[in-house]
Amino acid sequence: MDIGARSRPPFLGGARRGTARTVATAVLVAMTCGASALAAPSQAAHAAPPPGAMSSAASGAASSAASSAASSAAASGAQGAVPGAAALFAPDDRTEARPRPRVDCRRVKCVALTFDDGPGPYTDTLLAYLAAYRARATFFVVGGNVVAYPGVLHRTAAAGHEIGNHTWSHPDLTMLSPARVRSQLGRTDQAIRAVTGVVPRLVRPPYGAFNATVRRQTGRPMVLWSVDTLDWRYRSSARVARRALRAVRPGSVVLFHDIHPTTVRAIPRVLRKLAGRGYRFVTVSELFGGHPPRLVFDAAPPELH
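Below, the structure is given as structure tokens:
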């Protein structure tokens, strides 16, 4: 049985349209060390429409752009590939190193801010806001946008943020064959590796939708969220900030989309207020002590509005 979102708006001309939403609430399942001490309230998980910063031209130029991105990343001193987590991949040069936690989230209040669908034209501004608070975040990027904005992704990784796979073109993976699921993830892995030198070890399925087939083809932790800001629906910086600030608890994973300027403008207030409450801003992997759960799944009924 499929788990997660089933409905989604059509992808029209690269623009976000429609008001589709998921039919489940994201609940973090703490399965490994450090996670048991973290408690995050569940919020309704709503479907985010497909990313808007993509074009067919960018997708068609994938091979040549990825090659040039690799040269650029190497010239810029990108980190080389290192062995991955043994429980998820065989040790080789494909997988991002398991990050060493800088913060013990069992002892201090932590929150993981996550940003989907980039990189895009507003991501650099977001990086500046995060740097001002020494905040680390996790970016779940779309392969087509990696090709379109390789420099932005390189700067994101160089700033110490975690990079995750959000597929090549943002489809509902539960509607695809196993081969197409592998293609969506594999092409994105290759594009990310061309820029950063490593393959991400986290995946966020579009719309929070997955099933047993997707789990088997992914082979990595699938990260959803516990706080949905609905920033794709409410294009108001003040409203997005209020939703985040009302819902965050220690251990929360917050969903944003950095392709929206209204979202990026909301971040300084979110950072300022949460820092004032004593929160530390960490990556998803840091939140779980360097060992993210193999599965983060939906289990509750939808939020009612």
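FYI, in mature numbering (1 follows the signal peptide of the UniProt record, and there is no 0) the residues of the sequence shown are -39 to -1, 1 to 266. Virtual Cβ for every residue (Gly too), placed ideally from N, Cα, C.
A distance of 9 Å or more separates the beta carbons of Y168 and D192.
In this structure, the straight-line span from the alpha carbon of V225 to that of L163 is close to 23 Å. Contact between V243 and A73 holds: their C-beta atoms lie close to 6 Å from each other, under 8 Å. By a beta-carbon distance limit of 8 Å, D77 does not contact V113. Their separation comes to about 15 Å. Under the DSSP assignment, L248 falls outside any beta strand (DSSP E), being part of the alpha helix (DSSP H) whose first and last residues are 245 to 248. According to the DSSP secondary-structure assignment, A73 is paired through a beta bridge with V214, V243. Taking 9 Å as the cut-off, the Cβ atoms of Y240 and V214 do not count as close. In the DSSP assignment, I228 falls outside any beta strand (DSSP E) and within the unbroken alpha helix (DSSP H) covering 222 to 237. By the beta-carbon neighbour count (other beta carbons within 10 angstroms, threshold 16), V69 is exposed. By the 16-neighbour rule on beta-carbons within 10 angstroms, G237 is exposed. Within 10 angstroms of the beta-carbon of R196 lie fewer than 16 other beta-carbons, which makes it exposed. Contact between G104 and T75 fails: their C-beta atoms lie close to 17 Å from each other, not under 8 Å. When C-alpha distances from A93 are compared across P253, R148, C66, I228, the shortest belongs to I228. Here the C-alpha atom of L248 lies approximately 13 Å from the C-alpha atom of W186. Note that the C-beta distance between S198 and T223 is below 9 Å. Boundaries of the alpha helix (DSSP H) around V201: 198 to 208. Rounded to the nearest angstrom, the Cβ distance from V184 to R154 is 19 Å, too far for a contact under 8 Å.
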